[in-house]
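Enquirer:
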Amino acid sequence: MNRTFLPVGLLPVLLLTGCQAPPTSPRPTDQLPFMGNWDCGTTAVTFTPAFYQPSSTAQPVRIRGFSTQNRMTTMTLEDGSVIEVQWQNDNQLTWRSPATGQSLDCNRVAD
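Counted the way mature numbering (1 follows the signal peptide of the UniProt record, and there is no 0) counts, the sequence shown spans residues -21 to -1, 1 to 90.
#1: Please look up how many angstroms separate the CB atoms of Asn63 and Arg50, rounded, as I've assumed it's under 8 Å.
#2: Rounded to whole angstroms, how far is the Cβ of Val88 from the Cβ of Ala23, which I believe are closer than 8 Å?
#3: Any idea if Thr27 is buried or exposed, counting beta-carbon neighbours within 10 angstroms, 16 or more meaning buried?
#4: Could you tell me if Pro77 is buried or exposed, where buried requires 16 or more neighbouring beta carbons within 10 angstroms of its beta carbon?
#5: Report buried or exposed for Thr52, applying the criterion of at least 16 other Cβ atoms within 10 angstroms of its Cβ.
#6: Just to confirm, are Thr73 and Gln65 a CB contact at a threshold of 7 Å?
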């Protein structure tokens, strides 16, 4: 029977690399599938990790925070308003304003 011996100095390296925690995303938005451009019929909206642009002619609004639960993401914007998006799949989502009750069905626009 053949035995393989590892140098003693290699053991701490193997133990440390095997016990490291999995990498985490620097921003929670990195894992949100709705980032990008969407055609919502009456308007085209854009989401980036930092901004929401409600139309192609509107100024982007800074996003202060995200909260996601059950495929629904609630965004609090810099002006205090709140919007929600619920994604059905990679190419469709529903945009909603809790304040007005308005909702729009949106399709992804190829970048």
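C-beta: ideal position from N, C-alpha, C; glycine also. Predicted, not measured: the structure shown is a model, and the values here were computed from it.
Expert: According to the structure data:
#1: One detail in the question is off: residue 63 reads as Glu in this sequence, not Asn. Not really, about 11 Å apart at Cβ, beyond 8 Å.
#2: The Cβ separation is near 7 Å, so the contact holds.
#3: The C-beta of Thr27 has fewer than 16 other C-beta atoms within 10 Å across all chains shown, which makes the residue exposed.
#4: When all chains shown are included, Pro77 counts as exposed.
#5: It counts as buried.
#6: Cβ distance < 7 Å, so Thr73 and Gln65 count as in contact.
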